[in-house]
Each structure stands twice: as structure tokens, then as C-alpha cells.
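*Asks:* Pasting in a structure now, in C-alpha cells, and then I'll have a few things to ask.
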Amino acid sequence: MFSIKYLLSFFVLIHALFYCAAVSNGSGLDLNIRAPESPPTGHGYGYGRRCRNGEKRCNSNQTGYTECVRGKDKFVKCRRGQFCVMLNGPNAMCVKGKNDKYPEH
């Protein structure tokens, strides 16, 4: 009959062999379960498009524009009977008149 010491040392040896095999071939096995999952890193991870203060851009329906305020976009809706037009550079404004592109506005 096998003794407890013999069985325990056998299982420790088998565990060590599996550990070495997993580490050597890089199987992607997470052997350190308690390690916190680190977030992915890289250029621009976790950040949206950065805007420059004062920059304005029309939305796709030309019903308003987004204005950059302190690094964040803020939507400004055009009044009734107005639509958004882009000016020179990163600038937009609401003007009076009919929008031929989106007549329901």
C-alpha cells in the first residue's frame, strides 16, 4: 500500500511537471489566478477622439453641431427653421432657411 508521504510527493511532482510544460510552450494558461487582469495598453486605448476647444462640426442631419468645450463635445441644436452649415476650418453655425438635403427639418 502507498503511504501518504509517497502520494503527496507524487502529486507535487506531477503538478510541477504540468506547470513547467505549460510555461515552456506558452499555452496561454493563466497559472497565477490571483493576478489582477491588466487592461490592454496601446496608443489611444480608452480615449475617444480628442477635440480642440472652440472646434465646431455639424451633425449628419445638419440639425445642430457639436462644440468642443474643455476637451469634451457638447451638442448645440439649431432653432426651428434653421440648419447647420460648415464654415472655413473647424467651424459651424446655424443659418436661417430650408435645408434641401434634409427637407423634413
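Numbering (mature numbering (1 follows the signal peptide of the UniProt record, and there is no 0)), first residue to last: -22 to -1, 1 to 83.
Backbone N, C-alpha and C define an ideal beta-carbon position, used for all residues, glycine too.
1. Expressed to the nearest angstrom, what Euclidean distance is found between the alpha-carbon atoms of Thr41 and Arg48?
2. How far does the beta strand (DSSP E) with Gln60 in it extend, from its first residue to its last?
3. In its own chain, which residues sit with a C-beta less than 8 Å from the C-beta of Lys55, not counting the 5 before and 5 after it?
4. Please classify Cys46: does DSSP put it in a helix, a strand, or coil?
5. Please classify residue 84 as buried or exposed, where buried requires at least 16 neighbouring CB atoms within 10 angstroms.
6. Which residues in the same chain as Cys36 place their Cβ atom closer than 6 Å to its Cβ, once the five residues preceding and following it in sequence are excluded?
*Replies:* For this structure:
1. In the sequence shown, counting from the first residue as 1, residue 41 sits at position 63. In the sequence shown, counting from the first residue as 1, residue 48 sits at position 70. Rounded to whole angstroms, Thr41 to Arg48 spans 23 Å at the Cα level.
2. The sequence position of residue 60 within the sequence shown is 82, counting from 1. Note, Gln60: beta strand (DSSP E), 60 to 65.
3. The residue given as residue 55 occupies position 77 in the sequence shown. The residues are Thr41, Gly42.
4. As a position in the sequence shown, residue 46 is number 68, starting the count at 1. The answer is strand: DSSP assigns Cys46 an E or B state.
5. Because the chain in this structure spans residues -22 to 83, residue 84 falls outside the shown range and cannot be described.
6. As a position in the sequence shown, residue 36 is number 58, starting the count at 1. Around Cys36: Tyr43, Cys62, Met64, Ala70.
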